[in-house]
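What follows is a single structure, written as structure tokens, with notes after it.
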Amino acid sequence: MGKILLEVRELTTKYVTRFREDVYAVDHVSLQVEEGKALGIAGESGCGKSTLALSLMGYYFAPLHYISGDIIVDGRNITGMDPDTVRKAVLGRDVAYIPQAAMNALNPTQKVINFIEDVIKVHDLGADKKEIYERARILFETVGLPESVLHKYPVELSGGMKQRTVIAIAVLLSPKVLIADEPSSALDVTSQKMVIKMLMRLMEDGLIGSLIFITHELPLLYNVTDDIMVMYAGQIVEKGTAREIVFDPLHPYAKGLMGSIIVPEEGVRDVKLTAIPGAPPNLKKPPSGCRFAERCKYVQPLCKVTSVGFKELDNGRTYRCIFSEAELREAYQNG
Amino acid sequence: MKHTLQQVFHSGKFVIGFVIFVALMLIVIIYPLIITDAPLTIIAQGTFFKPGIYVNVYDSMNAPKYTLLLEDADAKRIASRLTPEDRQAMKEWLIAIGIPDNAIDIEDTAQLLGLWETHFDPKMQIAGMTNAKRNYYIRLNTSLEGLLATEGAIIAAKNADTGALEEKGNVGQSEFVNVTQVANVRVLPLGTDNFGRDVLTQLVTATRVSLQIGFIAGLIATLVGLTLGLLAGYVGGWVDDIIMFVTNLFTVIPGFVLLILISFSIGQERRGATTVAVVIGFTSWVWTTRAVRAQVISLRNRDHVNLSKLSGHSLVHIILNDILPYIASYVVMAMILQISSGILAEAGLSILGLGPRTTDVPTLGLMMNWAMIYQAHVLGKWWAYLPVLITIALITFSMNLMNTGLDQVFNPALRD
Amino acid sequence: MAEEKQVCLSGKGLTKVFGFGRQRTLAVDHVDFSFYEGEIVSIVGESGSGKTTLAKMLLGLINPTEGEIAFQGQVRDISSQKKRKEYWKNIQAIFQDPFSSYNIFNKIDAVLLDCIHMRGGRNLPHEKKVELMTEACGFVNLKFAELTNKYPFELSGGQMQRLMIARIFLLKPKVLLADEPTSMIDACSRATILDMLMDLRREIGMTLIFITHDIGLAYFVSDSVYIMEHGKIVEHGSADEVILNPKEVYTRRLINDVPKIYEEWDLSTV
């Protein structure tokens, strides 16, 4: 087992809506990321995966609020730190974050090299322009971006190129953990593939210690990550290796999610897609029992009242359901 | 809908603007019910009477008298007739004729008047004194007569037969009348203007008329702008080309210049308040057109419009049901701005003497125009122009606040 | 098998040019196609390939610059509002974004009533209309009684898209054009929507045209596939033919670049 770079224990955060309602979008989430590994977080829109991504940075601003839990980055607990210290000493160096529409966050009046200078300045690295340029050039060469991009304005770059540039800037200080929230979902397939290839290369070259990859596109997740966690209604419902989750999901929600995968490969046409009826629960008033109970095919009266804890299998897989592994498998066999 | 209204009233800016505006509207509606005078009646002989309470002297003679013994009554009476400047002038005169400086105490009224009575001689020539100054001293001397007298004044009337004066009554120094018992009292909170008309009554009417001009102008500008904008944006093609050509023409010619030229060519006599409002309306639709067109173009390709087309709806139906509701809030905001700029445009025109004809109704602009022509600002008659300025500022301020407030509610990017 | 069937919708030399001079862009470039009755067709392309423009021309929302469209063997004539209305009884659409597909000021009843009116049911008694609407909602697993007097934005994305299908159920067109009908909704609702579209097609026997960027989806649902690139159709044929044995470089690239789960996803090709 490799060195643990990020450990999150029972993290709970909420955000406050415009109408002053509390939404507990991340509810007692625990996770671990080892050095050199990629962790995937899967789930539908509104299940809290983007809020989790923001919460993992340890840098909270309205409407997102920290409630409880610990975030330990490489042995250092960052939850107690004041926001400014987190911003200067943790973000970028230890944890870097690429939001969904990162490529649109580039100021159109600045050249790419200016963004890199900014990052260096904020972190007080005290390098002069020439050193910064040299550093940027080497980085761009490593990640396979042409040097000429440094002299361009964001509007002169294509979507895929912009996204790769943003990622390159994010990993400038070789963060231990890179959190990528849907980094490629706004791109066409070819650009998406380039972004993925770049992320893989960053891992191989050790420019980032580990990767947390968040997306709703399961085939992509399967190809990028080592482990996958499935999120539903603010909670983790299942965790396992990518292969286990995609081909042998245990939790009924994960099962439904994996049953909706469509890929252009032989045999896919004969598969019957599974549908999950209904909609995720309202997180302003989450149900007291299993949060998936309302939509679950195998629901028992008990599910709706008892809070369901994790069950752990011998190989380290965990899932949140009242049924045992054998019971679930039997239920799936019978359809 | 209800929710949106609630949100609108949660916006502090909108509420402040709304309160100011409603207060103005209430004054405009309620004031004429209390003071029923025609706004342009000339009530004062003379120009620029100061703001204050005007009590009829003749009626107060006949009003019931009350005796009030007030300690500072004498001092106030003397002070009203003998100002500190007068005292200083008296001292200067006395020094000039050789009284030593330390012998004069200008605070001691009795001593000062004693010295004055013994030494003042209107015929005396003092070196370096101008004629005007000497006349001032003569006037001052007359006004001081009986200043320290303690007996009352006699009211006398002429006997119709003999022509002799007969004593009718006596008014003592400590006698008072109750203002409410005097038959004729007129409060002029803002005094009178150059023609001798009550400024406040005029101001209230002028506010009403200016608001009407603003509303008519704003309504016309919005309707024209909306219609052209909807057509240009939705129909597109050559309709858009023609409308945009005309709009661009109007954009490059400064609106105000156009307004001046049209107003001038209509002629003073045919320029009523409504005419001016219509002219303002027809010269200021350009921005609404452009803005509405831009909004419609972005809506035109939305799927709900496509769906409406696929449902076989006609052009008119689509414009009214699928486009207009989406831009309604925007149009209301644009109209508020058009109204306030219409009021300003009228004020601007009238100051230049191109406003409505001066004989039927006052407007805020006309009041400014009169104050300027009769040099109220030079003469320091602030009540003739300052209240008008404040009213204009309040109207436009409240409308712009409401507009910003609405903008915050309807434009998610500006919400805090 | 396609030969035996009747051509439902076809295009010849269909071209759409936007702009003039230097800004002139050829959105759709001399495209020929024939869609057969009862067939499921996918038009696959990346953004900017012209697939949406082609869809709008098929729907008669924009006029082609050149070329003609034939519907059921006859050249389409939509020069007047009356003729357009007649055409739209035969061809309908479901759009990508359910949230922008509805007029937020109209209630759900109005959306469905429009469809009944379009099918000539304007003078039906109110009870009959309610019955029809209830049936349509029932088809997509929605309860009309719960929807009446509600606004579309009170529904979830999946429910809105189902309501769109209910609309088509009432209209019973010959051709349904689905423009990325599942790309904005959750993976789990996707299966529901696709199933309902298939059921609907069986129910009213219409031709179904999918416009999509997702080549996996195209392979999953369709009988024949058209691949578009830069306004041109670069390859077409039966789904198995095109996806499993692509002949064109572009098609091969498109398939290659989609992440796989059964086979190795080859990252070295970019």
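Residue numbers (the working numbering), protein chains in the order written: chain A, 777 to 1111; chain B, 664 to 1079; chain C, 33 to 302. The beta carbon of each residue, even a glycine, is placed where N, CA and C say it ideally should be. Note that the structure is a prediction, hence the values are computed from the model and not measured.
Contacts around residue i, its chain only, beta-carbon distance under 7 Å, and the 5 residues preceding and following it disregarded
i        : result
A1030(A) : V1006, V1013, E1014, I1021
M238(C)  : P205, K206, V207, L208
V947(A)  : A872, L954, L978, L983, I984
M974(A)  : V919, G920, R940, I943
S254(C)  : I72, V73, S74, F242, A271
G1016(B) : N1032
Q104(C)  : C40
Test: residue i CB closer than 8 Å to a CB of chain C
i        : result
R963(B)  : no
H1112(A) : Examination of residue 1112(A) is not possible in this model, given that chain A is present from 777 through 1111 alone.
R1093(A) : no
K967(B)  : Going by the sequence as given, residue 967(B) is His instead of Lys. Yes, H967(B) counts as interfacial toward chain C.
D981(A)  : no
D985(B)  : yes
H1027(A) : no
G902(A)  : no
E820(A)  : yes
L668(B)  : no
K973(A)  : yes
L1033(A) : yes
Contacts around residue i, its chain only, beta-carbon distance under 6 Å, and the 5 residues preceding and following it disregarded
i        : result
I990(A)  : I817, K825, A829, D957
A880(B)  : A940, I943, G944, G1005
V130(C)  : Just to set this straight, residue 130(C) is Pro in the shown sequence, not Val. Counting only Cβ-Cβ distances below 6 Å, and skipping sequence neighbours, we find G189, M192, Q193.
Y989(B)  : L962
F891(A)  : I945
A1008(B) : I943
Any chain A beta carbon closer than 8 Å to residue i
i       : result
G190(C) : yes
P291(C) : yes
T224(C) : yes
V302(C) : yes
Y68(C)  : no
Minimum Cβ-Cβ distance from residue i to chain B less than 8 Å
i       : result
Q193(C) : no
R117(C) : Residue identity differs from the one stated: residue 117(C) is Lys in this sequence, not Arg. Chain B contact via Cβ: present.
Y134(C) : yes
F52(C)  : no
Beta-carbon spacing of residue i, residue j below 8 Å
i        : j        : result
S837(B)  : R744(B)  : no
L828(B)  : K821(B)  : yes
A838(A)  : V1000(A) : no
E78(C)   : E1041(A) : no
M1034(A) : P1028(A) : no
D856(B)  : W1033(B) : yes
H180(C)  : D218(C)  : Reading the sequence as shown, one finds Thr at residue 180(C) and not His. Cβ atoms of T180(C) and D218(C): not closer than 8 Å.
G834(A)  : L949(A)  : no
G1054(A) : R1067(A) : no
L86(C)   : L144(C)  : no
Nonlocal neighbours in the same chain, by C-beta distance under 8 Å from residue i, ignoring five residues either side
i       : result
V845(B) : V718, N719, D722, S723, A726
E893(A) : K905, I908
K160(C) : G153
Residue i at chain D interface by Cβ criterion, 8 Å
i        : result
A1102(A) : Absent from the structure: chain D. Protein chains present are A, B and C.
For the pair the region 1026-1033 of chain B and the region 698-713 of chain B, tell me if three or more CB-CB distances fall below 8 Å. Segments in contact, no.
Cβ pair count under 8 Å reaching 3, the region 970-980 of chain B against the region 117-126 of chain C: yes
Fully enclosed by the region 963-1038 of chain A, which alpha helix (DSSP H) runs are 4 residues long or longer? 965-980, 994-1000, 1018-1023, 1028-1034
Counting beta carbon pairs with one atom in the region 898-916 of chain B and one in the region 994-1001 of chain B, are three or more of them shorter than 8 Å? no
Report the residue ranges of all beta strand (DSSP E) runs contained in full by the region 829-916 of chain B; include only those spanning at least 3 residues, in chain order. Fully contained in the region 829-916 of chain B are the following beta strand (DSSP E) runs of length 3 or more, in chain order: 838-840, 848-851.
Could you say if the region 670-686 of chain B and the region 1031-1049 of chain B meet the contact criterion of at least three C-beta pairs nearer than 8 Å? Counting C-beta pairs closer than 8 Å gives fewer than three between the region 670-686 of chain B and the region 1031-1049 of chain B, which falls short of the contact rule.
Can you list, in chain order, the stretches of the alpha helix (DSSP H) that have 4 or more residues and sit fully within the region 909-994 of chain B? 918-929, 936-946, 949-963, 966-973, 978-981
Please confirm if the region 850-859 of chain A is in contact with the region 918-934 of chain A, defined as three or more CB-CB distances below 8 Å between the two stretches. no
Does the region 929-938 of chain B come into contact with the region 87-107 of chain C, if we say contact requires no fewer than three beta-carbon pairs (one atom in each stretch) closer than 8 Å? no
Which whole runs of the beta strand (DSSP E) in the region 765-823 of chain B are 3 residues long or more, in chain order? Listed in chain order, they are 816-821.
Please determine if the region 795-810 of chain A and the region 857-872 of chain A are in contact, where contact requires at least 3 C-beta pairs separated by less than 8 Å. no
Which ranges does the beta strand (DSSP E) cover as unbroken runs of at least 3 residues, wholly within the region 836-877 of chain A, from first to last along the chain? 840-849, 871-874
Alpha helix (DSSP H) segments (min. 4 residues) lying fully within the region 876-925 of chain A: 888-898, 905-919
Any chance you could list the beta strand (DSSP E) runs of at least 3 consecutive residues sitting entirely within the region 707-735 of chain B, in chain order? 715-718, 728-730
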